[in-house]
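Residue numbers (the numbering used here), protein chains in the order written: chain A, 25 to 128; chain B, 7 to 220; chain C, 1395 to 2073.
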Amino acid sequence: MSQTAHAADHPSTKDYVRIAIFLAVLTAIEVALFYLDEAVDMNGWDGPLLVGLSTIKFIAVVGWFMHLRFEDSFLSRFFSAGFVLAMTLYGVMLAAFGAIAIFG
Amino acid sequence: MADTFELEESADIPNSHAGDHHVVHESTGIDNRKLGMWVFLSSEFLFFGAFISNYLLYGNRDFDSVVPRDIYDIPFTSISSFVLLMSSLTMVLAHHALSTGDQNGTKTWLMATALLGSVFLGGQVFEFYEFVTVKDMTLTSNPASSAFYMLTGFHGAHVGIGILMLLSLFGIARRQGGLSEKHGMNLELVGLYWHFVDIIWIVIFTIVYLLGAS
Amino acid sequence: MTTTASRPASTIFRRPRATEGFWSWITTTDHKKIGIMYGYAAFFFFIIGGVEALLLRLQLAGPNGDFLTAAEYNAMFTTHGVTMIFLFVMPVSAAFFNYLLPLMIGARDVAFPRMNALSWWIFIFGGLFLYSVIFFGDVVPPAGIADGQGVVVAGNIDPADQTLLGGLPDGGWFLYQPNAGPEYSPGTAIDFALIGLQILGVASLISSINFIVTVFNMRAEGMRLLRMPVFVWMTLVVAFLLLFSLPIIAVALFMATFDRSFGTLFFQATGGGDPILWQHMFWLFGHPEVYILILPAMGIVSEVLPTNSRKPLFGYAAIVFAGGAIAFLGFGVWAHHMFSSGITPVAQAAFGLSTMTIAVPTGIKIFNWMGTMWGGRLRFNTAMLFSIGFVAMFVIGGLSGVTHSIVPSDWQQTDTYYIVAHFHYVLFGGAIFGIFSGVYYWFPKITGRMLNEKLGKAHFWVQFIGFNLTFAPMHWLGLQGMVRRTWRYAPEAGLGPWNLAVTIGAFTIALGIAIFWVNWIYSKRKGEPSGLDPWDARTIEWTIPNPTPAYNYAVPPVIHSLDDFWHQKYTEDDEGRPVRKEGADELIERLDHEGRNPKSPIHMPAPSYFPFIMAMGLPLIGYGIIYHTSIIGKALLVIGPLITIGALIGWGIEPLEETEDHDEHGDGQGGELVGARTS
């Protein structure tokens, strides 16, 4: 895929600012959730919610600021491979310590 | 003898200028340096993943002294995180400015990114200073503190290196009156690096600070 | 043959221009020169590692040995392992990758030539830094340790043992904590090992990025991925393994270094740290590392066997995918090094199972290599002998390896000589035999001459006999209970006779290596000239003159199939047998002539000082960390990074080429013109 093709779907300055505002809002929600969890017992929901929110932020920065959405899919596959490998290896290692109460 | 397999892959860029002594020759169509930076960044997941999982393992090992999760200043760190996030915006604006030929805008946004990064780093230094002098939690207090300082310290070192690169690009732009095509690619590469350091902080802020705080 | 264009002078230094002589080696960015330097350095360390092994074997030749003290013994097996793995096998593989990769994909250089030089200089400075422990390191007896009755006894090193050899790192190549930590290994020797490995890791990581981009992006027209030689595929797979495993050990090494130098508590059990964490992190790297060690040799063998069998590689795609599978699965088996370390039964079962699965892709490769030879017109030259030897020895090593995957069996085998037998069969019988096969095969490519076959065969047989005599007995010595890493054994154990045989075998290996050195030195000057295609080979690196011209290809090749060169020379008859085409000999003459006489000037990446300078900063930082309490150490901690960062900035602003040229490699470095004719 040639590199000039993506000039057409380059986000504009406005788009970038919108994304930044979106990220700021999500961060505010995360912090709010943190204080909410201190005040009200969230039954363990705070974890998944916070992880979910930061995942969205992560994808937004990678996809738009790092432009990965508009790049050759080879790069996404490569980048994801590193991420998945890290999660898997360290997940198994932590499980072996019983740090994640899955088994053993 | 024909090969029996054909892998789906990006078209080869024809390498047909036999007399031309120059061939920019990227079989995947992705610039060498860009591919190289993405390759490097994907390895960094393994690097930071090690420190993060180490913190997850040791976060509660207090050994009768103060652990990080007891002393976080969430409002302060939230503001720091916001600053770093905004530096990603200024970074992408610098790249965008260069792609539209706005050399002055490029320089401005580069400097803005470096400044915001420095504010973040300053915040980290201040946070560490408070932890050490006021809360009495040092690098060697307990495994949790060791894990915390190493993780955030190495992240901070990455930010510092990023700031050096940003300032170098700014310096080159000033000296040469603007960034050439080659240096334009360097800006894109520094941008990728900078955003990566930001997303690592997104992970750290949530997992270490927000979820960790007791 | 080479002319150089004038260069702009607006750099910090004048751009180097030398194409010959000492400075041309210091400033080179030519992958071939870099490969040659890696090769010589690696073989230099091979001799050192070999001498360390011989010293170990002299100590173990008989019971109650007195040749080495316990301290010296511990140091010798540590440095032997570190040297052989990090300073021999890995850099010699790098030598092959560097020299051959661009040639095999039809390129003129790697993607990032200056970064390539940087990897080399970081490697050699790292290796020298590590061995400078001889001059600077010390091993201090640890503080007295209380025995069961609470009586404080002297540390395990008698002050009388402060010999030169005893001052080397002594924690094993795996540097288990807390034994190699601040409490039980005070002094600085271990720090040299930890920091040295860190520096070496940086070199390999940079290389891996370079090779990945090179393989994906620098292929000649028509060189689709599944037309690349297996050696190139193995280069790519190894690069992936390095890329993803090195960061893990980097973190572990930082943690251990900080534990020792700055008092952190990562692995100090008395401080709440967890020594098992070190084991996990080390082996998360360490297991992919062993595949990093063996896959290059597998790649070499996959080139040598088809050429010398006059047949295509059997099951090319299967071998490629098996290589990838070995690498992928190799990430999932690390805790099989920890079966007796107290991990849970579930973990043991899971890792035992995953370890067994690696036998499948490995077996595919073995059968396909055998299938390649089956029905072929075999030529038993030295390169072929080493490749066949590889297959046979690696099968033996693999079989003992599979026995380790059965957990209760491993509980008996672990920490005995049975394990030593296993890994030497795969690493020596495997990797090193494969490496020698490659040396004999590609010597003509590098020098334009052939290694002497008589000496070569003598080398092979002496080494083969010596190798088996050394390591076969270790299987039963281990099962009889001979423990690893122990400096002596009692006469009553009955281990003496076979240990003596092992020692004799080790010296036999040394004799074989000596024969090789004689062959090398003689053949470099007086070996028979090889011509373009001495082996009647299959792959395109043999379509250019020997020794390889500076610019590699006078004309970038266009590829039409796997084994493209073979198909230019041969067709098949009705029964599928190769028939040499009529024009094949003229083709070879023409290739040789055209290869030496490019029609137009060719741009090659210009030399540069900056990789050399930048690499110098890292060992200085290393010394700074070790001596950080002194003023010199503090100064080095400032100077080292300044040198590295300064060189990086200089590199970054090294100007583009002359105005009429544009940037060939996209990394902004000036080019030099080579080529006789300017038409």
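Every residue gets a Cβ at the ideal spot worked out from N, C-alpha and C, and that includes glycine.
So who's on the other strand from residue i, going by DSSP bridges?
i	result
Gly-1581(C)	Val-1533(C)
Pro-1972(C)	Glu-1966(C)
Val-1877(C)	Thr-1810(C)
Val-1952(C)	Glu-1615(C)
Arg-1843(C)	Pro-1923(C)
With 7 Å set as the bound, which would you pick, yes or no: does the beta-carbon of residue i sit closer than that to a beta-carbon of chain B?
i	result
Ile-1915(C)	no
Phe-58(A)	yes
Phe-1715(C)	no
Arg-1613(C)	yes
Val-55(A)	yes
Asp-96(A)	yes
Pro-1641(C)	yes
Leu-1512(C)	no
Leu-50(A)	no
Closest to residue i by CA distance: which of the options is it?
i	options	result
His-1474(C)	Ala-1511(C), Gly-1565(C), Gly-1433(C)	Gly-1565(C)
Lys-1839(C)	Ile-1859(C), Thr-1933(C), Thr-1423(C), Trp-1805(C)	Thr-1933(C)
Gln-1453(C)	Val-1626(C), Tyr-1883(C), Phe-1439(C)	Tyr-1883(C)
Ile-36(B)	Ser-100(A), Gly-106(A), Phe-107(A)	Ser-100(A)
Phe-1959(C)	Phe-1568(C), Met-1692(C), Pro-1706(C), Met-1478(C)	Pro-1706(C)
Phe-1830(C)	Gly-1693(C), Phe-1610(C), Arg-1618(C)	Gly-1693(C)
Tyr-215(B)	His-34(A), Ser-36(A), His-91(A), Leu-57(A)	Leu-57(A)
Leu-1558(C)	His-1853(C), Tyr-1434(C), Val-1527(C), Met-1484(C)	Val-1527(C)
Gly-123(B)	Trp-44(B), Ser-59(B), Tyr-199(B), Leu-63(B)	Tyr-199(B)
Gly-1667(C)	Gly-42(B), Ser-49(B), Phe-53(B), Asp-68(B)	Asp-68(B)
Arg-1508(C)	Ala-1948(C), Gly-1500(C), Phe-1471(C), Ile-1428(C)	Ile-1428(C)
Ile-1953(C)	Arg-1621(C), Trp-1514(C), Ser-1917(C), Phe-1461(C)	Arg-1621(C)
Gln-1571(C)	Arg-1618(C), Ala-1633(C), Ala-1650(C), Ile-1642(C)	Ala-1650(C)
Ala-1777(C)	Gly-1850(C), Met-1750(C), Asp-1927(C), Gln-1807(C)	Gly-1850(C)
Leu-1619(C)	Ala-1711(C), Val-1754(C), Gly-1989(C)	Ala-1711(C)
Check whether the Cβ atoms of residue i and residue j sit closer than 7 Å, and answer yes or no.
i	j	result
Gly-190(B)	Gly-65(B)	no
Trp-1862(C)	Arg-1502(C)	Correcting the residue identity first, residue 1862(C) is Asn in this sequence and not Trp. The answer is no: Cβ separation not under 7 Å.
Leu-1671(C)	Gly-1665(C)	no
Ile-2015(C)	Gly-2044(C)	no
Met-1628(C)	Pro-1690(C)	yes
Phe-1784(C)	Gly-1824(C)	yes
Ile-1516(C)	Ala-1597(C)	yes
Val-89(B)	Leu-127(B)	no
Ala-179(B)	Tyr-61(B)	no
Pro-1941(C)	Gly-1842(C)	yes
Leu-193(B)	His-101(B)	yes
Asn-1611(C)	Ser-33(B)	yes
Tyr-1432(C)	Pro-1496(C)	no
Could you check whether the Cβ of residue i sits closer than 7 Å to any Cβ belonging to chain C?
i	result
Asn-148(B)	yes
Phe-154(B)	no
Thr-5(B)	This structure leaves residue 5(B) out entirely; chain B is present only between 7 and 220.
Phe-53(B)	yes
Ala-219(B)	no
Thr-139(B)	no
Answer with yes or no whether the minimum CB distance from residue i to chain A is below 7 Å.
i	result
Ile-1737(C)	yes
Ser-48(B)	yes
Ala-100(B)	no
Phe-1568(C)	no
*Name the residues in the region 108–120 of chain A whose C-beta lies less than 7 Å from a C-beta of chain C; which are they?*
Leu-109, Leu-113, Met-117, Ala-120
*Residues of the region 159–178 of chain B with Cβ closer than 8 Å to any Cβ of chain C, in chain order*: Phe-160, Leu-170, Ser-174, Ile-178
*What residues in the region 67–86 of chain A bring their beta carbon closer than 8 Å to a beta carbon of chain B?*
Asp-70, Gly-71, Leu-74, Val-75, Leu-77, Ser-78, Lys-81, Phe-82, Val-85, Val-86
*With 9 Å as the C-beta to C-beta threshold (strictly closer), list the residues of the region 1924–1936 of chain C near chain B in chain order.*
none
*Can you list, in chain order, the residues of the region 1655–1675 of chain C whose Cβ is nearer than 8 Å to any Cβ on chain B?*
Phe-1656, Gly-1657, Thr-1658, Leu-1659, Phe-1660, Gly-1665, Gly-1666, Gly-1667, Asp-1668, Leu-1671, Met-1675
*Pull out every residue of the region 68–93 of chain B whose Cβ sits closer than 7 Å to any Cβ of chain A, in chain order.*
Cβ contacts with chain A: Ile-80, Ser-84, Ser-87, Phe-88, Leu-91, Met-92.
*What residues in the region 55–69 of chain B bring their beta carbon closer than 8 Å to a beta carbon of chain A?*
Gly-55, Ala-56, Ile-58, Ser-59, Leu-62, Leu-63
*the region 1933–1961 of chain C: which residues have C-beta closer than 9 Å to a C-beta of chain A, in chain order?*
none
*asked:* Give me the subset of the region 1740–1754 of chain C whose CB atoms are less than 8 Å from a CB atom of chain A, sorted by chain position.
replied: Only Val-1740, Ala-1741 from the region 1740–1754 of chain C bring a Cβ to less than 8 Å from some Cβ of chain A.
_Residues of the region 1722–1736 of chain C whose Cβ lies closer than 7 Å to any Cβ of chain A, in chain order_ = Taking a C-beta cut-off of 7 Å against chain A, the contacting residues of the region 1722–1736 of chain C are Phe-1725, Ala-1729, listed in chain order.
*Anything in the region 1889–1900 of chain C with a Cβ closer than 9 Å to a Cβ of chain F? List those residues in chain order, please.*
Any reference to chain F falls outside this structure, whose protein chains are A, B and C.
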